[in-house]
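The structure appears below as structure tokens.
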Amino acid sequence: MRFELTYTQITVYALIITIFFDMFVTKNSLLSTLRFWCSYAIIVPFQLVTNWWLTSREIVSYNPEAIIGLRVAGAPVEDLIFGFAMILAVMSMWERLLRKGGTWR
Amino acid sequence: MSLGLELTQFSYFAMLLFTVTGSWWLEFAFKLRVLRRPRLALTAILPVSFFFLIWDAFAIHLEHWTFDKNQILGLFGPFSIPLEEYLFFIFIPLAAILTLEGVKVVLRKFAK
């Protein structure tokens with residue numbers, strides 16, 4: 000039997016896991032900080048440009064059956080959630096390391 | 000071109016170059032100490048990238064997304080993941096950390 004799991008579903012799971020991770024594992028709650036949203040506001044236009052580059056030139060193509068079909072700047076809306084989750088997770092890890100000392104190279 | 004590579008094969012790589020170019024200077028402009036602490040940065044990045052690479056491998060396997068063979072360098076790592084994807088999961092998170100640290104410097108200036 001083929002494993003039926005769409006890109007859309009995975010992004011939703013990843014988003015939930017990442018928010019949980021940020022709140023309860025690294026205990027940063029970055030989503031309630033100004034610095035996170037300012038950073039995201041800077042990052043998201045660049046993400047839209049690079050998404051557009053990758054999808055309009057068809058460097059990456061998406062299986063229509065795996066996505067919901069809504070597209071932003073050429074790329075599936077799922078990509079934005081994917082990027083959001085990755086950025087949140089990495090920033091959360093980084094801030095956790097900084098709080099634990101973070102002086103080592 | 001030499002090496003048997005066509006310019007179009009750098010299409011994905013160009014996007015990575017764009018990200019690196021757009022972010023590395025923040026380190027120096029805002030004296031960030033992110034690139035100066037590569038082990039710390041990689042410790043934040045690699046565990047997250049690990050999970051996203053599993054996702055990538057899974058998505059490639061299920062053909063959720065596919066890469067145009069003519070627009071990538073054609074080097075593949077484990078699980079048929081193109082080299083560019085591995086680099087993506089290092090340089091995009093790094094750009095995000097640089098942005099966050101840059102924002103923190105600016106916000107601190109405003110708080111004064």
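Protein sequences appear in the order of chains A and B. Each step along the first sequence adds one to the number in numbering that gives the first Met the number 0, with nothing skipped, and position 20 is 19. Each step along the second sequence adds one to the number in numbering that gives the first Met the number 0, with nothing skipped, and position 78 is 77. Glycine included, each C-beta is placed from N, C-alpha and C at the ideal position. Note that the structure is predicted; figures quoted are calculated from it, not measured.
- prompt: By DSSP, does residue 29 of chain B sit in helix, in strand, or in coil?
  reply: coil
- prompt: Is the CB-CB distance between residue 58 of chain A and residue 66 of chain B below 9 angstroms?
  reply: Their beta carbons are under 9 angstroms apart, which means residue 58 of chain A touches residue 66 of chain B by this criterion.
query: What are the start and end residues of the beta strand (DSSP E) that includes residue 65 of chain B?
result: 64 to 66
message: With three or more beta-carbon pairs closer than 8 angstroms as the criterion, would you say the segment 64 to 82 of chain A touches the segment 28 to 35 of chain B?
response: They do not touch, by the three-pair rule.
message: On the CB-based measure, 16 or more other CB atoms within 10 Å of its CB, does residue 0 of chain B come out buried or exposed?
response: Summary for residue 0 of chain B: the model assigns pLDDT 48, below 50, so the residue's position carries little reliability; its value from the coordinates is reported in the next sentence. Counting Cβ neighbours within 10 Å, residue 0 of chain B comes out exposed, since fewer than 16 surround it.
- prompt: Does the Cβ of residue 107 of chain B have 16 or more other Cβ atoms within 10 Å, making it buried, or fewer, making it exposed?
  reply: Exposed, since its Cβ has fewer than 16 Cβ neighbours within 10 Å.
Endpoints, alpha helix (DSSP H) assigned at residue 55 of chain A: 33 to 55
Alpha carbon of residue 60 of chain A to alpha carbon of residue 30 of chain A, nearest angstrom: Residue 60 of chain A and residue 30 of chain A have their C-alpha atoms spaced approximately 31 angstroms apart.
- prompt: Going by Cα to Cα distance, which pick from A:9, A:42, A:6 is closest to residue 101 of chain B?
  reply: Nearest option by C-alpha distance: A:42.
query: Can you list, in chain order, the residues of its chain whose CB lies under 8 angstroms from that of residue 65 of chain A, leaving out five sequence neighbours each side?
result: 5, 6, 7
- request: Determine which residues of the segment 32 to 45 of chain A have a Cβ less than 7 angstroms from any Cβ of chain B, and write them out in chain order.
  value: Answer in chain order: 33, 34, 37, 38, 41, 42, 45.
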